[in-house]
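What follows is a single structure, written as structure tokens, with notes after it.
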Amino acid sequence: MLDLKQITAEVRQLAIETGAFLREERKNFHRELVQEKQSHDYVSYVDKESERRIVKQLKKILPEAGFIAEEGSGSLTDEEYCWLVDPLDGTTNYIHDNAPYCVSIALRNKEELLVGVVYEVCRNECFWAWKGSKAYCNGTEIHVSSINSLNESFIELGFPYNAESYREFVTELIRELYGNVGGLRLQGSAAAELCYIAAGRFEARLEGLLGPWDIAAGALILMQAGGKVTDYKGGDEFYSGKQVLATNGKIHHYLLKIITSL
288 MLDLKQITAE VRQLAIETGA FLREERKNFH RELVQEKQSH DYVSYVDKES ERRIVKQLKK
348 ILPEAGFIAE EGSGSLTDEE YCWLVDPLDG TTNYIHDNAP YCVSIALRNK EELLVGVVYE
408 VCRNECFWAW KGSKAYCNGT EIHVSSINSL NESFIELGFP YNAESYREFV TELIRELYGN
468 VGGLRLQGSA AAELCYIAAG RFEARLEGLL GPWDIAAGAL ILMQAGGKVT DYKGGDEFYS
528 GKQVLATNGK IHHYLLKIIT SL
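What follows is the structure, encoded as structure tokens:
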């Protein structure tokens, strides 16, 4: 039986240390070394070094676990446990010295998420939860908001890099939401934004065509804070990142109704 509380504590420390590395590197960041993985999807030497450090330490925390990491590290085959790592969620923000950006680390078994830690570097905020726990930010318990109407809801959107595949859907979505909700925002870091819903700062976030490392940790933290995460049909296929509707739980059905009508 894994000691999830202890594992969370160790991962939390690792995320904070990695965030300190990101913060320090940003002071002398060399933009000319940024590479483009695909159109407008960037990676830097900082992402790669951050991932290397994280993977090295996670192997010490739970040697038997495999990995799914954004920049390709890991050895996932048929392990019982798997780490999902985004060493720098919000790379485009980081490149442009814009908040937010964060470190996201989750642990899951073959059935469910077990541990989630997100360290948002710009605000020096560490969010965490494990299966069965409360959700926390810097040691303080957090909860989703009590807003239950779309008219009052502050909603985050995400624009994935694959614009051609998502353009029609998001254009219609904005048409439905703009002017009918409390506000719409684009922030550029899925992991951090899921935690913002968990902390009651937003009521919802919608984005598709993500990777599982983008949303795993934030999704667990949000659910442990009283929120809800599904795919666009209300099911549990959100784990892949292809369709992610995350809310405080109280406006979820309203947004599902809008999505299914598009």
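Position in the sequence shown counted from 1, then plus 287, gives you the numbering used here. The beta carbon of each residue, even a glycine, is placed where N, CA and C say it ideally should be. Just so it is clear, the structure is predicted and the values come from calculations on it, not from any experiment.
Would the beta-carbon of V405 fall within 8 Å of that of S391?
By one-based count along the sequence shown, residue 405 stands at place 118. By one-based count along the sequence shown, residue 391 stands at place 104. Yes, these two residues count as a Cβ contact at 8 Å.
Along the chain, where does the alpha helix (DSSP H) containing E463 start, and where does it finish?
Along the sequence shown, one-based indexing puts residue 463 at 176. Note, E463: alpha helix (DSSP H), A450 to L464.
In the DSSP assignment, what residue or residues form a beta bridge with E494?
Along the sequence shown, read from residue 1 onward, the residue named residue 494 stands at position 207. BP columns for E494 point to V531.
Under 8 Å: do the region 460-474 and the region 367-375 share three or more Cβ pairs, one atom per stretch?
Result no; under three Cβ-Cβ pairs closer than 8 Å.
Three or more C-beta pairs under 8 Å: does that hold for the region 440-457 against the region 341-351?
Not touching, per the Cβ criterion.
Applying the criterion that 16 or more other CB atoms from any shown protein chain within 10 Å of the CB defines a buried residue, is N380 buried or exposed?
Locating residue 380 in the sequence shown gives position 93, counting from the first residue. N380 comes out buried.
Is it buried or exposed for P350, if we count other Cβ within 10 angstroms and need 16 for buried?
One-based indexing of the sequence shown puts residue 350 at position 63. Counting Cβ neighbours within 10 Å, P350 comes out exposed, since fewer than 16 surround it.
Out of N449, L301 and C424, which has the shortest C-alpha to C-alpha gap to L497?
In the sequence shown, counting from the first residue as 1, residue 497 sits at position 210. Comparing Cα positions, the closest option is N449.
Less than 8 Å between the beta carbons of R313 and D384, yes or no?
Indexing the sequence shown from 1 puts residue 313 at position 26. Indexing the sequence shown from 1 puts residue 384 at position 97. Yes, the Cβ-Cβ distance between R313 and D384 is below 8 Å.
For the alpha helix (DSSP H) containing T478, name the first residue and the last one.
For the purposes of this step, residue 478 is taken as the residue at position 191 of the sequence shown. Correcting the residue identity first, residue 478 is Ala in this sequence and not Thr. Unbroken alpha helix (DSSP H) run through A478: A477 to A485.
Cβ atoms of V531 and I484: under 8 Å apart, would you say?
The residue you call residue 484 lines up with position 197 of the sequence shown. The residue you call residue 531 lines up with position 244 of the sequence shown. For I484 and V531, no; Cβs fall outside 8 Å.
Closest to E412 by C-alpha separation, out of R299, K397 and L507, would be which residue?
Counting from one through the sequence shown, the residue named residue 412 turns up at place 125. Nearest C-alpha to E412: R299.
Rank Y423, F489, C389 and E428 by C-alpha distance to the C-alpha of S436 and give the top, closest one.
Walking along the sequence shown from the start, residue 436 turns up at place 149. With distances taken between Cα atoms, S436 lies closest to F489.
Quick check on the burial criterion: 16 or more other C-beta atoms within 10 angstroms. Buried or exposed for H317?
In the sequence shown, the residue the question calls residue 317 occupies position 30. That one is exposed.
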